[in-house]
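Colleague: In my numbering, the protein residues as written are 10 to 512.
Structure in C-alpha cells, see below.
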C-alpha cells in the first residue's frame, strides 16, 4: 500500500469528494516521443500560474501532478496574500511600494529570508495579486490589514484574503487553465508521480521519468520546473531535514518532498533546515505521526496570562511563559529536541485560573485526565514525573524554584505574572507538541529561479518555485503575513511569463 494512502483518504473526507472533481479533462497518457517546451512537475500554487502564463506565450506545456486534481495546498489554505500597489489598497487610498514591502519582509523574518528571492517577490507581488483581483478575487470588507492579532505586522496594510479562502483562488486558476487544456496548449497529466529527472552526459536536465499504470513514461522537455510543494507529510524526510520529529498530519497529503529529492539527486542543494517554525504547539490525538490537532491551550499572554509553568523533557522550564513576543516562545519550543513540553499546574490553579483551553469548562478539562494520553494527573510530583517520563528530582527542583519566585516576586526567566505557587495535590500535566503544515527547508536557486549546485553553478534547464524553495526563503524562522502563497503565485507567474526562454 502507498504509505500516503491514509493521508489521502483523510484529505478527501475532510474537503469532500465533490471538491476533487475537476472541471478540466486531463490527458489520459501523454505522447511519449514529443518534446515539450515546458515540463511542470506540480499543479499547485506555483505550477498553475507557470502553466497558464507559459501557454499564453505559445509554449507547449506538460503539467504533471501526483494527485487526481489540480490545486495542491489551495484545497486547504486560507488563501492569505500580500503585495504592494494592489487594487485592494488603491480602493482604500493606501499608498505602498515594493521597497516598503521588501523592508517589512526582511524585518519580520528577522533578516533570515533570502534577499534575492524576497526582492523578486516584493517587486512583482502587486502585479500578481492584481491579476487575481481582476479575475474575481474579493478581499474581505475590512481588508487589506497589516497582520494578525498577537503577531508583528506590516507597516502598511497590504494583507488580505477572500471569504472562500484558498478555494477562491483555485476557482480562478481553474477557469484560466481550462481553455488552455481544451485547446491542447497545456497537456494535463494527473495521478502521475515523477520518479526522477533525466540528464545528459553534461548534467543538463532533458526531461523526467514516471511510472503510469505499470508502464514507464519518459518525458522530454526543454525546460523543467519543480513545483511539487513541501515535505510536511513525509515524516522520515521531515526528521532528516529538520532534526525534529513530525507529529501532526495536517498538511496536503501529497507534500512528500519529491521535488527536493529530485533536485538533490541531480546535484542541487538545500537550505533552511534551521528555520523550522513549530508554532507554540497543540494538544494532539497522538505523539506519533500522523496525529491530529485535538485542542489548543491558550499560550498567548495578551489573551490569557499563564498560571502554569512549562517544562521540557528534562523537567526544566525553558522559556518565560509570559514572554510578550510569540517568536521568542516559538523559538524556545523549536530548540527542544522532541518539540515537546508539558504544562504543569496543581489543584489550586485548576480551581482559580481561567480555563486554559478556549470554550472548555473545568469539568470538561478534568474529564480528560486519565482518558486521553496527553492529559496526566497524579497525587505527587514524583508520580507525575514518572507518568510523563521526566526526572522526578529535576521536576521537583523546577517547581520549588518557581514557588520561591512567586514568594520573592522575581523569576530567573523574567516572568512577570506569578499568581500563586504549585503546591497542592493533585498535580496535572498536559503535553503540548510542536507542529507545522509548512516546510522550512528547500531548494537553493538564483534570482532567475535556476536550481543551483553546491558550487553555485546552475543546473541547466532546471527551475524551482513554490514551497519546494522552503518557507524559510521568504519567511525566515518567523511568520510573515501572506508570504507562503504570494511567493508561489508570483514566482510561478514570472517563470511562465518572462523568466524562461523557450526558444
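Positions of the beta carbon are idealized from the N, C-alpha and C atoms, including for glycine.
From a predicted model like this one, the values you see are computed outputs, not experimental measurements.
Ignore the nearest five residues each way along the sequence and tell me which others in residue 201's own chain have a CB closer than 6 Å to its CB.
Modeller: 73, 219 and 221
Colleague: From the DSSP output, which residues share a beta bridge with residue 302?
Modeller: 293
Colleague: Go ahead and label residue 2 buried or exposed: buried means 16 or more other beta carbons lie within 10 angstroms of its beta carbon, across all protein chains shown.
Modeller: In the structure as shown, the chain starts at 10 and stops at 512, and residue 2 therefore has no counterpart that could be examined.
Colleague: From the DSSP output, read off the bridge partner residues of residue 522.
Modeller: The structure shown does not extend to residue 522, since the chain is modelled only from 10 through 512, so no value can be given for it.
Colleague: Excluding five sequence neighbours on each side, which residues of the same chain lie with their C-beta closer than 6 Å to the C-beta of residue 147?
Modeller: 171
Colleague: Return the CA-CA distance between residue 204 and residue 98, expressed in angstroms with no decimal places.
Modeller: If you take the alpha carbons of residue 204 and residue 98, they lie about 43 Å apart.
Colleague: Taking the alpha carbon of residue 88 as the point to measure from, which residue in 334, 360 and 179 has its own alpha carbon closest?
Modeller: 179
Colleague: Which of helix, strand or coil does DSSP assign to residue 454?
Modeller: strand
Colleague: Would you say the region 327–340 touches the region 405–418, given that touching needs at least three Cβ pairs under 8 Å?
Modeller: Touching, no, given that fewer than three Cβ pairs across the two stretches are closer than 8 Å.
Colleague: How long is the line joining the alpha carbons of residue 77 and residue 423, rounded to whole angstroms?
Modeller: 52 Å
Colleague: With H, G and I counted as helix, E and B as strand and the rest as coil, what does DSSP make of residue 38?
Modeller: Confidence is the limiting factor: at residue 38 the pLDDT is only 48, short of 50, which leaves the residue's position unreliable, though a coordinate-based value still follows. Of the three classes helix, strand and coil, the one that applies to residue 38 here is coil, per DSSP.
Colleague: Let me confirm a value: residue 377 is counted as buried when at least 16 other C-beta atoms fall within 10 Å, else exposed. Which label applies?
Modeller: buried
Colleague: Starting from the C-beta of residue 507, find all residues in its chain whose C-beta is less than 7 Å away, skip the five residues before and the five after it, and write them out in chain order.
Modeller: none
Colleague: From the DSSP output, read off the bridge partner residues of residue 477.
Modeller: DSSP lists no partner for residue 477.
Colleague: Taking the Cβ atom as the reference point for each residue, do residue 60 and residue 214 lie within a distance shorter than 9 Å?
Modeller: no
Colleague: Report the option in 104, 182 and 124 whose CA atom is closest to the CA atom of residue 483.
Modeller: 124
Colleague: What residue range does the beta strand (DSSP E) around residue 228 cover?
Modeller: 224–235
Colleague: Give me whichever residues DSSP pairs with residue 217 in a beta bridge.
Modeller: 206 and 228
Colleague: Near residue 232, which residues of its chain fall below 6 Å by C-beta distance, leaving aside the five closest residues on each side in sequence?
Modeller: Here the set comprises 47, 470 and 509.
Colleague: For the beta strand (DSSP E) containing residue 140, list its first residue and its last residue.
Modeller: Counting along the chain, residue 140 sits inside no beta strand (DSSP E); it lies in the alpha helix (DSSP H) bounded by residues 124–143.
Colleague: So which of 278, 306, 267 and 235 has the shortest CA-CA distance to residue 243?
Modeller: 267
Colleague: Which partner residues of residue 319 appear in the DSSP bridge assignment?
Modeller: Paired residues: 352.
Colleague: Mapping DSSP to helix, strand and coil, what is residue 243?
Modeller: coil
Colleague: Would you decide whether residue 428 is buried or exposed? Buried here means 16 or more other CB atoms lie within 10 Å of its CB.
Modeller: exposed
Colleague: Measure how close the beta-carbons of residue 460 and residue 272 come, nearest whole angstrom, since I'm counting them as under 8 Å.
Modeller: 5 Å
Colleague: Near residue 488, what residues of its chain come up, given a Cβ to Cβ distance below 6 Å and the 5 sequence neighbours on each side ignored?
Modeller: 160
Colleague: Hey, would you say the C-beta of residue 207 is under 8 Å away from at least one heavy atom of the ligand COA?
Modeller: Looking at this structure, you won't find the ligand COA or any other ligand, since it has none at all.
Colleague: Cutting at 7 Å between CB atoms, please list the residues of its own chain near residue 53, excluding the five before and the five after it.
Modeller: Cβ within range, chain order: 80, 81, 82, 83, 236, 238 and 475.
Colleague: Using the Cα positions of residue 479 and residue 224, report the straight-line distance between them to the nearest angstrom.
Modeller: Between residue 479 and residue 224, the C-alpha separation is close to 32 Å.
Colleague: What residue range is occupied by the uninterrupted beta strand (DSSP E) comprising residue 439?
Modeller: 436–442
Colleague: Buried or exposed: residue 449, going by 16 or more other Cβ atoms within 10 Å of its Cβ?
Modeller: It counts as buried.
Colleague: Name the two residues that bound the continuous alpha helix (DSSP H) containing residue 420.
Modeller: Boundaries cannot be given for residue 420, as no alpha helix (DSSP H) includes it and DSSP labels it neither H nor E.
Colleague: Excluding the 5 residues flanking residue 297 on each side, which residues of the same chain have their C-beta closer than 7 Å to its C-beta?
Modeller: none
Colleague: Since residue 206 and residue 451 should fall inside the 8 Å C-beta cutoff, what is the C-beta to C-beta distance between them, to a whole number of angstroms?
Modeller: Incorrect: roughly 17 Å between the Cβ atoms, too far for contact.
Colleague: Using the C-alpha atoms, what's the distance from residue 285 back to residue 40?
Modeller: Low confidence applies to residue 40: its pLDDT is 46, below 50, so where it sits in the model is not reliable, and the reading given next is rough at best. Going from the Cα of residue 40 to the Cα of residue 285 covers about 41 Å.
Colleague: Going by DSSP, what residue range makes up the beta strand (DSSP E) through residue 387?
Modeller: 384–387
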